[in-house]
Amino acid sequence: MIGRGVILAICISGVVWAPVLLSAEAMTEDRAYALAEEFGIDVGEVDEEIKEVLGLTKAEGVVVFGVIGSSPADRAGIKVKAVIKEVDGKDIRNMLDLGKALEKAMPTQNFSVATFEPAGIDDQGVGGGLNFHFVRVEKD
4 MIGRGVILAI
14 CISGVVWAPV
24 LLSAEAMTED
34 RAYALAEEFG
44 IDVGEVDEEI
54 KEVLGLTKAE
64 GVVVFGVIGS
74 SPADRAGIKV
84 KAVIKEVDGK
94 DIRNMLDLGK
104 ALEKAMPTQN
114 FSVATFEPAG
124 IDDQGVGGGL
134 NFHFVRVEKD
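Numbering of the sequence shown is given in my numbering, commencing with residue 4 and proceeding in unit increments.
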């Protein structure tokens, strides 16, 4: 499995030494983007420009630029311009947080994603809000 390592305890002459993690793959931005795509979203970190466009108070989180049709993200109702704040209870501040959270959550087949959806021009003055999406990953 991706990102899962094997832990071995070194035992010499009956003495167990500290565990050693073998073959664990560290989270990188490239892996985080690949996991996001597997989930069904095209994303990027919220920067100062995106913060201003979406009317956010902080440049923090991950914004959804696109949702792939018939993906787990699409079936869960995640929308373009939504800012991902949490995956299965884990705070998302940047791409590495998203990658780590998706890596852990997707194999469970059922998890939640909290998004902040900013108010749009058609919302007639109604502010944005936090939405919870329940994800069901279908297996073949």
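The C-beta atom is built at its ideal place from N, Cα and C for all residues, glycine as well.
Look at A122 here: in three-state DSSP terms it is coil, with no helix or strand label. Looking at the DSSP output, N134 shares a beta bridge with T118. Assignment of K93 by DSSP, reduced to helix, strand and coil, places it in the strand class. For the alpha helix (DSSP H) assignment, the uninterrupted runs of no fewer than 4 residues enclosed by the region 22 to 109 are, from N- to C-terminal side, 32 to 42, 51 to 57, 75 to 79, 98 to 108.
With contacts defined as CB atoms closer than 8 Å, K88 and F135 fail to qualify as a contacting pair. When rounded, the separation of the alpha-carbon atoms in K93 and G72 is 25 Å. The C-beta distance from L38 to L105 rounds to 4 Å, short enough to meet the 8 Å contact threshold. Straight through space, the alpha carbons of V46 and S115 are spaced by roughly 17 Å. A residue is called buried once 16 or more other Cβ atoms fall within 10 Å of its Cβ, and E55, having fewer, is exposed. F42 is classed as buried because its beta carbon has at least 16 other beta carbons within 10 Å across all chains shown. When only Cα atoms are considered, K61 and R139 end up about 30 Å apart.
The C-beta separation of E48 from V65 comes to about 6 Å, placing the pair in contact by the 8 Å criterion.
V83 places its beta carbon less than 8 Å from that of V67.
Distance between G80 and L59, taken at the CA atoms: about 21 Å.
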